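A.B. asks:
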Amino acid sequence: SLYSAYSHKSSTMSCLSASMLCFLLALLTPANLTSATGNIGFSLPLVSSHHKLNHTTGEIGELLLPEADVNPMNIRPKVAPAGWPMFSVVVGVGSGRGQHFYKLALDFVGNLTWIRCKPCTPEEQQEGPIFDAALSPKYALVKPTSIHCKPPFVGHGHDKCSFSGTTSLAAVHGYLASDVFTFGDTGTGHRSLDGLIFGCAHRATEFWNHGIVAGAMSLNKRSTSFKYQLAAHGFATSKFSYCLFYHGQHSAKHGFLRFGSDVPNHDHAHSTASMYHDTMLYFIGLEGVSLNGQRLTRINRGMFSRDQARKHGSTIIDVGTPETRMIRAAYDILEAAVIADLQHRLGVRRAGYRVPGSHLCFIVSIHGIYQKLPSITLHLAGGAQLTIRWDLLFVTKMHHGAQHACFLIFPDEKMTVLGAAQQVDTRFTIDADQRLLYFAPENCENDSS
């Protein structure tokens, strides 16, 4: 399995796949790929899937949202599970006539950057043509004898190394390969790196790509991830930072994923230690939860402990997971507290039926009630506290003619994941060398272009 040690993601994220918010990379600016050193920083714009993309040149245009996506009744319309733009990295793959630019979903969990390749089944719509290796003269399969062909990758015959696995985006199978990756910058021209390892997927089922995304871009700590392959070419990638925000209709602004010396100063930020350094994921120590400033004392740090043998428990941060998942034992206590709070404080009752795409919803009929919805604080190792606003915790949905406020935290049977929707308007900086996660509230639209 491509993600054998972390196969839990298949089950923990599957119910969210249709609502996936993917925060992604795009054009490299302004560092020169051929002359970079470990001291040089660089930044990659975080680009919406609805930005216009020229698949030949990599040029990014304005953001255009379909009118059907606009719902003025939504209190957080941009975190609604359906219709709103995904965010993608724009990257050129291939050489010669085989080169095209694609949007690939950002993933902190997957070990490998992958893209759909001809032939690929089942046929699914995506933005741009499916990658055709036969047209790319520098495309090369990774051999079974290669240092890269080791578990979870498996030799296949005499000339191939296969990968397979399930993520929140798709269940994929194919072969490891290398080719030219090109980062478009219409101001300074294109920069290219030859020989980057990626997965050429010939099967991608349950591919929740909204008809746009062509694959996934890995930023985890494995040597085959995009991040670590760039580090091998001399780039400063051990520290990276991002600040996620939602785009208004017809806005052409995009944010940035910043590396090395481009990372903003974080002296003012909270910090917490990253955990389990022998793993490929970004673990943090969650120790408790508060609702509206009141500590839920029945939730304790033991509920978030890690069972290394079973690869079970603890907490990770992942922008590829659309909404936060919480281990069942803690979630049940939090859910009961939210239900009691809304009932007693606001007179709002829980819906006695399932609203599609949600786990916990409330029937809302009172105008102006949304600003009174509760906030949540996550208590992290070392005393750091991350407060999540009400507007990042609830979304309105119409169901059976009634308006509902639906909770954007979901129960999970295996672990806790701090997802993308709850990371909005907070700058996160991951420092792999110092084993620290920094975070601070920020108007993320201020760091946009």
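Each residue of the sequence shown is one higher than the last, beginning at 1445 in this note's numbering.
We put the beta carbon where it would ideally sit given N, CA and C, even for glycine.
Quick caveat: nothing in here was measured; it's all calculated off a predicted structure.
Buried or exposed: which applies to H1544, given that a residue is buried once 16 or more other Cβ atoms fall within 10 Å of its Cβ?
C.D. replies: Label assigned to H1544: buried.
A.B. asks: Let me know the secondary structure DSSP gives D1877 once reduced to three states.
C.D. replies: Three-state result, D1877: coil.
A.B. asks: Could you name the residues of the same chain whose beta carbon sits closer than 6 Å to that of Q1743, not counting the 5 residues immediately before and after it, in chain order?
C.D. replies: Strictly speaking, residue 1743 in this sequence is Ile, with Gln absent from that position. G1732, V1733, A1774, I1777.
A.B. asks: Return yes when the Cβ of A1658 is within less than 7 Å of the Cβ of V1616, no when it is not.
C.D. replies: Contact: no.
A.B. asks: Nearest to P1489 by CA position, among Q1867, L1585, Y1686, E1568, is which residue?
C.D. replies: Of the candidates Q1867, L1585, Y1686, E1568, the one whose C-alpha sits nearest the C-alpha of P1489 is Y1686.
A.B. asks: With Q1894 as the anchor, note down where its beta strand (DSSP E) starts and where it stops.
C.D. replies: In the structure displayed, the chain extends from 1445 to 1893; residue 1894 sits before or after that span and is not available.
A.B. asks: Straight-line CA distance for R1879 to F1552?
C.D. replies: The straight-line gap from Cα to Cα measures roughly 16 Å.
A.B. asks: Where does D1762 sit, in a helix, a strand or coil, going by DSSP?
C.D. replies: Reduced to three states, the DSSP call for D1762 is coil.
A.B. asks: For D1835 and Y1583, what's the separation of their Cα atoms in angstroms?
C.D. replies: Looking at the two C-alpha atoms, the distance is approximately 46 Å.
A.B. asks: Count the other C-beta atoms from every protein chain shown that fall within 10 angstroms of the C-beta of Y1797, then say buried if there are 16 or more, exposed otherwise.
C.D. replies: With fewer than 16 other Cβ atoms within 10 Å, it is exposed.
A.B. asks: For A1549 and V1839, what's the separation of their Cα atoms in angstroms?
C.D. replies: Computed Cα separation, rounded: 23 Å.
A.B. asks: Roughly how many whole angstroms lie between the Cα atoms of K1522 and G1746?
C.D. replies: Confidence at K1522 is low in this model, with a pLDDT of 28, below 50, so the placement of that residue should be treated as unreliable; the coordinate-derived value is given next. Computed Cα separation, rounded: 34 Å.
A.B. asks: Reducing DSSP to helix, strand and coil, say where D1776 ends up.
C.D. replies: Of the three classes helix, strand and coil, the one that applies to D1776 here is helix, per DSSP.
A.B. asks: Leaving out the 5 sequence neighbours to the left and right, which residues in its chain are closer than 6 Å to T1768 when beta-carbon positions are compared?
C.D. replies: Same-chain partners within the cutoff: I1853, L1862, G1863, Q1866.
A.B. asks: Per DSSP, which residues does Y1619 bridge with? Please list them.
C.D. replies: Answer is S1606, C1644.
A.B. asks: Would you call G1845 buried or exposed, if buried means 16 or more other Cβ atoms sit within 10 Å of its Cβ?
C.D. replies: With fewer than 16 Cβ atoms within 10 Å of its Cβ, G1845 is classed as exposed.
A.B. asks: With DSSP collapsed to three states, give me the class of I1832.
C.D. replies: Residue state, collapsed to three classes: strand.
A.B. asks: Starting from F1670, follow the alpha helix (DSSP H) in both directions and report where the run begins and ends.
C.D. replies: Counting along the chain, the alpha helix (DSSP H) containing F1670 begins and ends at 1670 to 1676.
A.B. asks: Would N1653 be called buried (16 or more neighbouring beta carbons within 10 Å of its own) or exposed?
C.D. replies: It is buried - the Cβ of N1653 has at least 16 other Cβ atoms within 10 Å.
A.B. asks: Let me know the secondary structure DSSP gives K1841 once reduced to three states.
C.D. replies: Looking at K1841 - three-state DSSP - the assignment turns out to be strand.
A.B. asks: Indicate whether V1387 and L1620 have their beta-carbon atoms separated by less than 7 Å.
C.D. replies: Here the chain comprises residues numbered 1445 to 1893, so residue 1387 is not present and cannot be evaluated.
A.B. asks: When you compare the CB positions of F1651 and E1568, do they come within less than 7 Å of one another, or not?
C.D. replies: Contact flag set, yes.
A.B. asks: Any idea what DSSP makes of N1890, helix, strand or coil?
C.D. replies: Helix.
A.B. asks: Beta-carbon separation of T1873 and H1710 under 7 Å?
C.D. replies: It is a contact, given that the beta carbons lie within the stated cut-off.
A.B. asks: So is S1809 buried or exposed if we call it buried at 16+ other beta carbons inside 10 Å?
C.D. replies: Burial call: exposed.
A.B. asks: Count the other CB atoms, across all protein chains shown, that sit within 10 Å of the CB of N1887; report buried if there are 16 or more and exposed otherwise.
C.D. replies: With fewer than 16 other Cβ atoms within 10 Å, it is exposed.
A.B. asks: Taking only three categories from DSSP, how would you classify G1812?
C.D. replies: Coil, per DSSP.
A.B. asks: Taking the alpha carbon of T1610 as the reference point, which residue from P1596, S1622, P1818, G1601 has its own alpha carbon closest?
C.D. replies: Checked all of P1596, S1622, P1818, G1601; the closest Cα to T1610 is P1596.
A.B. asks: According to DSSP, simplified to helix, strand and coil, what is M1747?
C.D. replies: Reduced to three states, the DSSP call for M1747 is helix.
A.B. asks: How about G1540 and D1576: are their beta carbons less than 7 Å apart?
C.D. replies: No. Outside cutoff.
A.B. asks: How far does the beta strand (DSSP E) with E1731 in it reach, from first residue to last?
C.D. replies: Looking at the DSSP string, the run of the beta strand (DSSP E) that includes E1731 is 1730 to 1735.
A.B. asks: Measure the C-alpha to C-alpha separation of C1805 and Y1720 and round it to an integer number of angstroms.
C.D. replies: In a straight line, the C-alpha of C1805 is about 35 Å away from that of Y1720.
A.B. asks: Taking the straight line between their C-alpha atoms, what separation do you get for P1563 and L1613?
C.D. replies: Their backbone Cα atoms lie some 19 Å apart in a straight line.
A.B. asks: For L1822, list the residues DSSP reports as bridge partners.
C.D. replies: Bridge partners of L1822: V1733, L1830.
A.B. asks: Using the Cβ count rule (16 or more neighbours within 10 Å means buried), how would you classify Q1673?
C.D. replies: Its Cβ being crowded by 16 or more others within 10 Å, Q1673 is buried.
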